[in-house]
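233 is the number of the first residue of the sequence shown in our numbering; add one for each residue after it.
A virtual CB, placed ideally from N, CA and C, is assigned to each residue, including glycine.
Remember, predicted model here, so these are calculated numbers, not experimental data.
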Amino acid sequence: MPPTLVPTAVATLPRVDHYVLSRPFPRSETLVDYADRTYAYGSTQGGARDVHLGVDYANVRHTPVLAVGAGTVIFAETDSSTRVGPAYDYYGNTVIVQHDTSAPNGEPLYTLYGHLQEIYVPVGKYVTPGDPLGTVGGQRDRHRATFASRSARGRRWAG
233 MPPTLVPTAV ATLPRVDHYV LSRPFPRSET LVDYADRTYA YGSTQGGARD VHLGVDYANV
293 RHTPVLAVGA GTVIFAETDS STRVGPAYDY YGNTVIVQHD TSAPNGEPLY TLYGHLQEIY
353 VPVGKYVTPG DPLGTVGGQR DRHRATFASR SARGRRWAG
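Structure below.
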């Protein structure tokens, strides 16, 4: 005789509006409007690279990179002497924002903007959605910016 299944109540997180963050690039007919799929979030490019913990946006060099939510800039420099990625100088020119909005798990929410050509904001500056943080950079013919979001738990660059 099969066992009797009894439903069990499970704690759930409160519902949070899905669109908490805005876009990291302005809308335009001439700009790329989608993530680069050659090194997708969570992929390793067939084991050739580290697990990708962000989303790359290939775009025209000097395209503005915008804050996706309100918060305070906590890092705004090259990561050559401060490790914010898997290795030093992983993201190059980088901006990290600690947002006023919490992550769905209640922890602080951070966003990272890497591979920037220029940085426009200093540490301590309060930004709002759409404020320019810098511009798309990259190397040689691969112009891009990396966008990543994290909650505080377990991230080197989260606080």
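Less than 7 Å separating the beta-carbons of residue i and residue j?
i      : j      : result
Lys357 : Val305 : yes
Thr310 : Asn291 : no
Val355 : Leu365 : no
For residue i and residue j, what's the separation of their Cα atoms in angstroms?
i      : j      : result
Ala384 : Pro336 : 12 Å
Gly286 : Arg269 : 12 Å
Pro361 : Phe257 : 11 Å
Arg281 : Val329 : 26 Å
His284 : Gly278 : 12 Å
Thr295 : Ala267 : 15 Å
Tyr342 : Ala380 : 8 Å
Ala243 : Leu237 : 19 Å
Pro234 : Ala241 : 22 Å
Could you tell me which of the options sits nearest to residue i, measuring between CA atoms?
i      : options                        : result
Thr367 : Val355, Gly346, Pro361, Pro354 : Gly346
Leu298 : Val327, Glu339, Met233, Arg382 : Val327
Arg382 : Glu339, Glu350, Tyr323, Leu365 : Glu339
Val359 : Ser313, Ala319, Phe307, Arg293 : Phe307
Tyr273 : Glu261, Arg259, Asp288         : Asp288
Can you tell me the Cβ-Cβ gap for residue i and residue j, rounded? I've got them flagged as a contact below 8 Å.
i      : j      : result
Leu348 : Gly369 : 5 Å
Thr378 : Tyr320 : Wrong, their Cβ atoms sit about 16 Å apart, outside the cutoff.
Contact the stretch 287-307 vs the stretch 326-341: 3+ CB pairs below 8 Å: yes
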